[in-house]
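Only one structure is covered here, and it is reproduced in the block below.
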Amino acid sequence: MEQIIATVRGFDGALVVVPEPGGDSPEIAWGDAFFYYAPDGRTPQNTQPYGTIVTKDYPDDTASALDPPGRWRVNVQVGRAALPELLGERHDPAAADVLLPHPVYGPLGWICVVNPGERTTGTVVRLLSEAHEAARARAARRRS
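Residue numbers (the working numbering): 535 to 678.
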């Protein structure tokens, strides 16, 4: 998890938000990570993150079984058009190190991987880089 967060922090203009106790974020988000294109270093108010890491089940998102210690999931917005190319056969949504449609936001073009490992870390990093570049392009279009 820390390797992926460090990699995203290295992207030009990336902002990684990791809510902690005492901050403005709700308690349920503590320990998770949210990835934005934000060259000014401020959390964008008008856009969603292009990627996240979640470290626990959320009330409406339990299919990945993230509550046991050591389980976490990276989520990346790849766009609906990319889903068929990226996703092969369907697996258990709690399977580790497998590229899957996000259990809640898959129809909106999000993929996920529970505990990325040897099989998927390279793909996850590539998809996060591509999502970052897409967020940069959207920001440039909004500015012009």
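The C-beta atom is built at its ideal place from N, Cα and C for all residues, glycine as well.
Does the count of Cβ pairs from the segment 567–584 and the segment 615–630 closer than 8 Å reach three? no
Just reading off the beta strand (DSSP E) that LEU549 is part of, what are its end residues? 548–551
Given that a residue counts as buried once 16 or more other Cβ atoms are within 10 Å of its Cβ, and exposed if not, what is ILE538? buried
8 Å contact criterion, which LEU617 and PRO635 should meet: CB distance rounded: 6 Å
Whole-angstrom distance between THR657 and VAL647, CA atom to CA atom: 10 Å
Buried or exposed by the 16-neighbour rule on C-beta atoms within 10 Å, applied to ARG607: buried
In whole angstroms, give me the CA-to-CA distance for GLY613 and SER598. 21 Å
Starting from THR586, trace the beta strand (DSSP E) both ways and give me its first and last residue. 585–588
Taking buried to mean at least 16 other C-beta atoms within 10 Å of its own C-beta, is TYR645 buried or exposed? Sequence check: residue 645 is Ile here, not Tyr. The residue in question, ILE645, is buried, as its Cβ has 16 or more Cβ neighbours within 10 Å.
Since TYR570 and THR577 are thought to touch, with beta carbons under 8 Å apart, how far apart are those beta carbons, to the nearest angstrom? 6 Å
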